[in-house]
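Undergrad:
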Amino acid sequence: MRTFKIVSLVLLASMFLSACGGGATPVPPTQAPAPAAPTAAPTAKPPEPTKPPAPAKFECKDKLGCVDIGPSDPVHIAYAFVTSGDNSTLGLDTKYGAELAIDDAGGKVLGHAIKFDGQDAGCSAEGGQAAATKIAADNTVVAVIGTNCSSEARAAIPILLTQAGLSMISPSNTAPDLTDPAKHVAGYFRTAHNDKVQGAVAADFVFNQLKFKKAATIHDGSIYAQGLANVFADSFKKYGGTITAQEAVNVGDKDMKPVLTRIATGKPDLIYYPIFIAEGGFIAAQIRDVPGMEKTVMMGADGIFSPDFLKAGGKNVVGMFWSSPNFSAFGSGYQALVDKYLKKYNVKGTLAPFHAHSYDALNMVLAALQKPGVVVTDPDGTLHVQKQALRDAIGATKDFKGITGNITCSPDGDCADPKIAVYQASADDFAKLEMPKTPAWFPGGPDYKAP
Amino acid sequence: MRRFFERTSLTDIVMFVIGGSLVALVIIGSAATLISGKYGSREWFNFIVYGVALGGIYAVIAIGYTMVYGILRMINFAHSEVFMSGPLTAYFLADAWGRSGFLDQNPVLGLLVIFALAMAVSTMVAVLLERIAYRPLRFAPRLVPLITAIGASFFLQYFFRGLYGANIKVYPEMAVLKTNVQLGAYSIQYVQILVIVAAAIMMGGLQLFIQNTRTGKAMRAVSEDKQTAALMGIDVDQIIVITFIIGGALAGAAGVLYALMFKQVGFLMGFIPGIKAFTAAVLGGIGNVPGAMVGGLFLGLAESVGPNLFLDGLGIPAPYQLKDAIAFTMLVLVLIFRPTGILGETLAQKKA
Amino acid sequence: MSQSPTNRPVALSTALGAGVRIGLIGGIIAVSIALIGMLQAFATRDIISSVVSMSQILLLITFFGCAYMAVTRSGSTQPIFALITGALTGLVSSVLVVALVGLGSVVRLGDMFINATDQLYELLTFKQGLVTGSLYLMGLGLATGVAAAVIYRLPSKARQPVVTAIVGVVAFGLLQDLIRVTLSVWEALTPALKFLYKANGLSIAGAVTLFVLIAAISYIRATRGNQIQSGLNGLPPASRKTLRWAFILIGIVIVLLLPVFLGLYLSDVLDFVGLYLLMGLGLNIVVGFAGLLDLGYVAFYAIGAYTVGILTSPEHATGIIHNWWLALPFGVLAAVCAGVILGIPVLKMRGDYLAIVTLGFGEIIRLLALSDFLKPWEGGAQGIQGIPSPDIGPIRFVQQQLTLPLLGKLQFTPSQQFFYLFLGGCLLVIFIATRVKGSRLGRAWMAVREDEDVAQAMGINLVATKLMAFGMGASFGGLAGAIFASKLQSVYPHSFNFLVSINVLCIIIIGGMGSIPGVVVGALALVGLPELLREVGDYRYLFYGGVLVVMMLTRPEGLWPEATRRRELHEEAEPAEAGPALAGGTTVK
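So the sequence lines, in the order shown, correspond to chains L, W and U. Just so you know, we're using the numbering used here here: the first sequence kicks off at -1 and counts up by one. Just so you know, we're using the numbering used here here: the second sequence kicks off at 472 and counts up by one. Just so you know, we're using the numbering used here here: the third sequence kicks off at 15 and counts up by one.
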């Protein structure tokens, strides 16, 4: 027994001792401390396996500090995705997209190998904070691709961007307030669209194109869905329509018939449910069994824009609509990307709709790293990545031809080409279990014609 | 009269007040909804059918919990993973047959084989659990196997995720199950009928087994008092294994029923039904097999009918979000007025 | 579970039987590891750079472990039997893996098992093709089995250091990222680090050095450890006392300077340890002292956090208090009220009824927080943001620079500042809990825990006692919630799910139910562990679940149990069939 008490004490002690660090290191010459935006770790660490660069050669004058990469060390890009739990398909999907980008770049940038790893952020604020802290503590990281969920982002931003001076590009955050001029934090970018746009486009379509006056919404309690449903509802009401019901289900609910029965009493023309595949699939599968909903039109959003949803929903999906990024505007490389994805990871279909955004995000980072003035190379091959310069370079991305479109970053971090379109599934699409390739309508395009 | 006042204490009064006010809210809400006539009889019929079908599934899962609890006095948290493993593995067979058309041509045969496969896998997982994680802890304080069960639950979830992948898998549509049966103005789907009937058969069969066979008698004896049963010559280990086998098989079958009704299976599918089923088991009186059935039905109905019936009348927006809250509140109400569950405990001793 | 090696002569057939059986189990384990994708995930990391990768180590450990168990079970005196058993076990295990590869070359396993890809087969056959690779595999299994037998036959003085050293080297390899990052803070250690680690794994020289070092330490401890211990005990009491005081003083200094030493990330981990410690101490009162199984503890946590959030967030109309410290008492008070309100309906319930009702209460609170119904007051799914930091007076919780006498200039981040807040909170709560435990109330709780009816017969007011337990336990949860809200500066309903309650329960049981130091150790272990396990990435929860099971199987009384509990559990090691009176144990209601 005593042994175990000792073991416990040793557990405690080893945690301390193993990390016994010299607070004694004064701020090393390569990192300029600035009260506003200092570097990652409070006890500033020199990069582990190499010696600190000789001060005489390169002095880091960058406001946010520099990351030094030895001649044989990899360029470390980190990710903060949700790889466990309910939403893990989203995290895995974006991780795969970025990994494919690395493969396509040959696994190297600036002559150094790329190391891509990161932390599970768990789609929660504390998970985002923990992941961000761990990434920020590692001073070999040059940039971050992440996060997936908006709650993660809000918690991660102060730590990764303000404290550690890194830059972060999100492939799938869509909450409007992250790039709201009043709330935006420098260093945050995203290649995903902004839901403010998506909800408005959807409402525009329903009211002006389909000429429906009554609609209902369903969300699933997630920040994304509730936000998007609200944007839709507000826009729809502004056009003059009526929202007959704003309902909500829980993640994990299977039986949608009671909710749908309830909505049926309001006799809406259309239901907008910007939720995810699981619950969305149940709604689609069960809606026609509910008396009163036989003719109601369904519309979803990018969360269910996936062949898995077609399968889950069954034949009721024929004729339904989606608001989604305009994939047809995606570059020709998209199909090739999907093929590589399916082959490398041995899955039947892509796990979520954001792999292409993640692919582009990573390529943005690589492109920014290669811009002049961002990285200083020593003759012996050591790289000095200047963080503020990198951030500015990413922010200056203009007309970058990504798979998701022409990427140009706005001052508030919205880099995506926000072309939202509305798609409709035909019987053919359902038979082949493929999402429709061309949009049924997009803003500014020809009016919608029913098939 | 005086004796009545002597027996009740302040706490009893407070509890009655709480219980009473909840009941009052329920009645007011229900009245408001019924008066407003928002839903016709067809809708109510549909709600009830949904509730009974869902309740049937909860009931069958709950039986597994309640049987294990009756014998081992432990909450088998990993039962939800037993529930999940069967349909998830059988999915691949169902999918292949669905695509080749075999399933539509021979629905009965196809379904029977799928059920058999799912039940076999679930049973195997249950037996392994018992052997590896629970048997060594037979005599440990009650909370220790609980933690083991929780750990096993995590382990199994991510194990199956590693095996089969994280994405959701969809069972094929079977034409025969989608068709409706018309009863006048009301209609039920075949799949709902299948679920209700299958659940009833399983529960009835189990009840017969427990009451009328020697093994069933042995199981009742072991759940009453393990040590005395052993003294009477019953092989306690074997009975426990049989219990897990039955519970596992039933869970696997419930899983397929669930998959047929809701189509989607995934590695996390067991988590919430597991909690609900456990609630159902407690509602009905834990350790009590008919109680589990009643509890399951009650819970299914509460979830399906409840939000519309009274939350709507009380003017609460998006009442469906709160359906689980209703379920648990019903639980509290029942337990306030009947502290050992609807049908009470079969355990002779109240000491849990 | 495993028998201690006996010295009775065993028939060869029994030994072989055990070998085959355990070999089959080992093979199944190895195949499972392959199919869930762990081999592929770990293949990129090397334990010993370019020599052996983590996935190969996994396979080796599986074969080795099973062979070792088989040899132990067969308990044979004749070395040749042990060798044969070990070899057989290893061989059988590897044959199963070979079977997998063989099957995979014929059948498209990948349709069902997503990890059964060509890459996996290549990995398993060491890129040598089907036939040669299979032979390699079987050879490997054989060799490992023989090695296991050999090590088993070593005298125990030699065996323990060898085994410990192997485990140590593997651990250093497994945790390379963590160790590298945290040790790199200290410049003096950098040359040692460079010697030990190459870019991807231990260097060969480093591995060998580590092996020798750990073996030596283990050997010395085994042989001389007792001498040191008795030497210490032999000192006169006065100097022992001074020694103790010196240790305590050093301990205090270390704890106070911890965030500085540990750096950003580990300080953040300690913050979470502190958070769960607060909650664990609260739940310890309800479950550990009073024996009331509460599965919905997250409700109090949520109420504390939301109360503080609602009262302080400028984005809400109710955000009237702008100082977190002023809102704190309200948060705690709200939690206490919730505790009492929850306590009343469950007063008459026992055991698992109590458990499920409390679970329900936790879910009800979470659903209400998430609902559209209460959205105007508390944000619904969007949560509450803008919660202020616990600034007090001149102390501001923002990133700043500190100048300390010996240590120079340092960055001081909010994560580290929160450490002190948590430390203060934990000390306060530990103090209260310890005092209460020894008081009349504490003893009343324990009486209720052991047997409610007898306690009532002895004159204890059940109602008051139980409500006090709920209330006090809830208050600690509310405190934790309030600090949590401030740390994240926001609250979202998704943070308050059932898993939090489960985790807190695991902490107190793994630490040792009812024991306060146990809760501390449990929190360190169970919160620190998933963070350590970030190294294994996607398989974090797999390992976490496995660790929970293993811990309960090997040490059911917990890591630092109360003395009484330990006595109870180890009495039950003997068959306790003689009546309920002796078979202690089920005392939780």
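We put the CB at the ideal spot given by N, CA and C, even for glycine.
1) Reducing DSSP to helix, strand and coil, say where Asp427 (chain L) ends up.
2) Between which residues of its own chain and Gln735 (chain W) is the CB-CB distance below 8 Å, once the five residues before and five after are set aside?
3) Excluding sequence positions up to five away, which residues of its chain have a Cβ less than 6 Å from the Cβ of Ala179 (chain U)?
4) Whole-angstrom Cβ separation of Met740 (chain W) and Met590 (chain W), contact assumed at under 8 Å?
5) Between Ala282 (chain L) and Gly301 (chain L), how many whole angstroms is the CB-CB distance? I'm expecting something under 8 Å.
6) Just to confirm before moving on: does the CB-CB distance between Gly126 (chain L) and Ala78 (chain L) stay below 8 Å?
7) With C-beta atoms as the reference, is Ala751 (chain W) less than 8 Å away from Ala763 (chain W)?
8) Here's the rule: buried if 16 or more other CB atoms are within 10 angstroms of the residue's CB, otherwise exposed. What is Gln425 (chain U)?
9) Residues in its own chain within less than 8 Å of Gly143 (chain U) by CB, not counting five upstream and five downstream?
10) Could you please give the first and the last residue of the uninterrupted alpha helix (DSSP H) stretch that includes Ile497 (chain U)?
11) Does at least one heavy atom of the ligand PLP sit under 7 Å from the Cβ of Met433 (chain L)?
12) Look at the alpha carbon of Ile358 (chain U) and the alpha carbon of Met482 (chain U), and state the distance between them as a whole number of angstroms.
13) Use the C-beta contact count for Ala789 (chain W): other C-beta atoms within 10 angstroms, 16 or more gives buried, fewer gives exposed.
14) Quick check on the DSSP output: what are the complete alpha helix (DSSP H) runs of length 4 or more inside the segment 54 to 124 of chain L, in order along the chain?
15) Please tell me whether Lys252 (chain L) has its Cβ less than 8 Å away from any Cβ of chain W.
16) Nearest to Val183 (chain L) by CA position, among L:Gly163, L:Lys194, L:Glu277, is which residue?
17) Using a Cβ cut-off of 7 Å, pull out every chain W residue sitting near Asp287 (chain L), in sequence order please.
18) Scan the segment 696 to 727 of chain W and note each continuous alpha helix (DSSP H) run of 4 residues or more that stays entirely inside, going in chain order.
19) Is the CB-CB distance between Met450 (chain L) and Gln284 (chain L) below 8 Å?
20) Who are the neighbours of Arg554 (chain U) on chain L, taking C-beta pairs under 8 Å?
21) With distance defined between alpha-carbon atoms, name the residue in U:Met460, U:Ile379, U:Gly532 nearest to Phe510 (chain U).
22) What distance in whole Å lies between the Cβ atoms of Gly219 (chain L) and Asn192 (chain L), which are believed to be in contact at a cut-off of 8 Å?
23) Could you tell me whether the Cβ atoms of Pro744 (chain W) and Ile532 (chain W) are closer together than 8 Å?
24) Indicate the three-state DSSP secondary structure (helix, strand or coil) for Leu731 (chain W) in the structure shown.
25) Between the Cα of Ala198 (chain L) and the Cα atoms of L:Ser233, L:Gln368, L:Ala129, L:Ala243, which residue gives the shortest distance?
26) State the beta-bridge partners of Phe187 (chain L) as determined by DSSP.
27) Does any C-beta atom of chain L lie closer than 8 Å to the C-beta of His508 (chain U)?
28) Kindly indicate the opening and closing residues of the alpha helix (DSSP H) around Ser501 (chain W).
29) Residues bridged to Ile269 (chain L) by DSSP?
30) Could you have a look at Phe95 (chain U) and say whether DSSP puts it in helix, strand or coil?
31) Between which two residues does the alpha helix (DSSP H) harbouring Gly31 (chain U) extend?
32) Taking DSSP as the reference, what is the three-state secondary structure of Glu464 (chain U)?
33) Taking all protein chains shown into account, decide if Lys430 (chain L) is buried (16 or more other Cβ within 10 angstroms of its Cβ) or exposed.
34) For Ile787 (chain W) and chain U, any beta-carbon pair shorter than 8 Å?
35) Taking the beta carbon of Pro391 (chain U) as the centre, do at least 16 other beta carbons fall within 10 Å, making it buried, or is it exposed?
36) In chain U, which residues lie with their C-beta within 9 Å of the C-beta of Val345 (chain L)?
TA: From the atom records:
1) Your numbering for residue 427 (chain L) matches position 429 in the first sequence. The three-state reading of DSSP puts Asp427 (chain L) in helix, counting H, G and I together.
2) For the purposes of this step, residue 735 (chain W) is taken as the residue at position 264 of the second sequence. Ile639, Lys640, Val641, Tyr642, listed in sequence order.
3) Taking the third sequence and counting its residues from 1, the one referred to as residue 179 (chain U) is at position 165. For Ala179 (chain U), where only same-chain residues beyond five positions count, the Cβ hits under 6 Å are Phe225, Ile228, Ala229.
4) Within the second sequence, numbered from 1, the residue matching residue 740 (chain W) stands at position 269. Within the second sequence, numbered from 1, the residue matching residue 590 (chain W) stands at position 119. The pair is not a contact, with the Cβ atoms about 17 Å apart (cut-off 8 Å).
5) Translated into positions along the first sequence, residue 282 (chain L) becomes position 284. Translated into positions along the first sequence, residue 301 (chain L) becomes position 303. Not really, about 13 Å apart at Cβ, beyond 8 Å.
6) Walking along the first sequence from the start, residue 126 (chain L) turns up at place 128. Walking along the first sequence from the start, residue 78 (chain L) turns up at place 80. The answer is yes: Cβ separation under 8 Å.
7) To locate residue 751 (chain W), count along the second sequence from 1; it is residue 280. To locate residue 763 (chain W), count along the second sequence from 1; it is residue 292. Yes, Cβ-Cβ distance for Ala751 (chain W) and Ala763 (chain W) is below 8 Å.
8) For the purposes of this step, residue 425 (chain U) is taken as residue 411 along the third sequence, with counting starting at 1. Gln425 (chain U) should be labelled buried.
9) The sequence position of residue 143 (chain U) within the third sequence is 129, counting from 1. Excluding residues within five positions, none has a Cβ falling inside 8 Å.
10) Position 483 of the third sequence, counted from the start, is the residue given in the question as residue 497 (chain U). Here the alpha helix (DSSP H) through Ile497 (chain U) covers 476 to 502.
11) With respect to the ligand PLP, the structure offers nothing, as it holds no ligand at all.
12) Counting from one through the third sequence, the residue named residue 358 (chain U) turns up at place 344. Counting from one through the third sequence, the residue named residue 482 (chain U) turns up at place 468. Rounded to whole angstroms, Ile358 (chain U) to Met482 (chain U) spans 11 Å at the Cα level.
13) Residue 789 (chain W) sits at position 318 when you count from the first residue of the second sequence. It is buried - the Cβ of Ala789 (chain W) has at least 16 other Cβ atoms within 10 Å.
14) 86 to 102
15) Here residue 252 (chain L) is taken as the residue at index 254 of the first sequence, counted from 1. Closer than 8 Å to some Cβ of chain W, the Cβ of Lys252 (chain L) qualifies, so yes.
16) Locating residue 183 (chain L) in the first sequence gives position 185, counting from the first residue. Per the Cα distances, L:Gly163.
17) Indexing the first sequence from 1 puts residue 287 (chain L) at position 289. Neighbours of Asp287 (chain L) on chain W, chain order: Gln660.
18) Those alpha helix (DSSP H) runs which fall completely within the segment 696 to 727 of chain W and span 4+ residues are 697 to 702.
19) Residue numbering for chain L in the displayed model covers -1 to 449; residue 450 (chain L) lies beyond these limits and cannot be assessed.
20) As a position in the third sequence, residue 554 (chain U) is number 540, starting the count at 1. Residues of chain L passing the Cβ test: Ser82, Asp118.
21) In the third sequence, the residue the question calls residue 510 (chain U) occupies position 496. It is U:Ile379.
22) Along the first sequence, one-based indexing puts residue 192 (chain L) at 194. Along the first sequence, one-based indexing puts residue 219 (chain L) at 221. Between Gly219 (chain L) and Asn192 (chain L) the Cβ distance is about 21 Å, and since that is not below 8 Å, they are no contact.
23) By one-based count along the second sequence, residue 744 (chain W) stands at place 273. By one-based count along the second sequence, residue 532 (chain W) stands at place 61. A contact, by the Cβ cut-off of 8 Å.
24) Residue 731 (chain W) sits at position 260 when you count from the first residue of the second sequence. Of the three classes helix, strand and coil, the one that applies to Leu731 (chain W) here is helix, per DSSP.
25) Stepping through the first sequence from its first residue, residue 198 (chain L) is reached at position 200. That would be L:Ser233, whose Cα lies nearest to the Cα of Ala198 (chain L).
26) To locate residue 187 (chain L), count along the first sequence from 1; it is residue 189. In the DSSP output, where bridge partners are listed per residue, Phe187 (chain L) has L:Ile167.
27) Counting from one through the third sequence, the residue named residue 508 (chain U) turns up at place 494. Judged by the 8 Å Cβ criterion, His508 (chain U) is in contact with chain L.
28) For this step, residue 501 (chain W) is matched to residue 30 along the second sequence. Ser501 (chain W) -> alpha helix (DSSP H) spans 481 to 507.
29) Looking up residue 269 (chain L) in the first sequence gives position 271. According to DSSP, which records beta bridges pairwise, Ile269 (chain L) is partnered with L:Ala214, L:Met296.
30) The count along the third sequence starts at 1 and reaches residue 95 (chain U) at position 81. If DSSP states are grouped into helix, strand and coil, Phe95 (chain U) belongs with the helices.
31) If you number the third sequence from 1, residue 31 (chain U) lands on position 17. Where Gly31 (chain U) is concerned, the enclosing alpha helix (DSSP H) stretches over 26 to 49.
32) Taking the third sequence and counting its residues from 1, one reaches residue 464 (chain U) at position 450. It is helical.
33) In the first sequence, counting from the first residue as 1, residue 430 (chain L) sits at position 432. So Lys430 (chain L) counts as exposed.
34) Locating residue 787 (chain W) in the second sequence gives position 316, counting from the first residue. True, the Cβ-Cβ gap to chain U drops below 8 Å.
35) Reading the third sequence from its first residue, position 377 is the one you call residue 391 (chain U). The question names Pro, but residue 391 (chain U) is Trp in the sequence shown. With fewer than 16 other Cβ atoms within 10 Å, it is exposed.
36) For the purposes of this step, residue 345 (chain L) is identified with residue 347 of the first sequence, where counting begins at 1. The contacting residues are Ile128.
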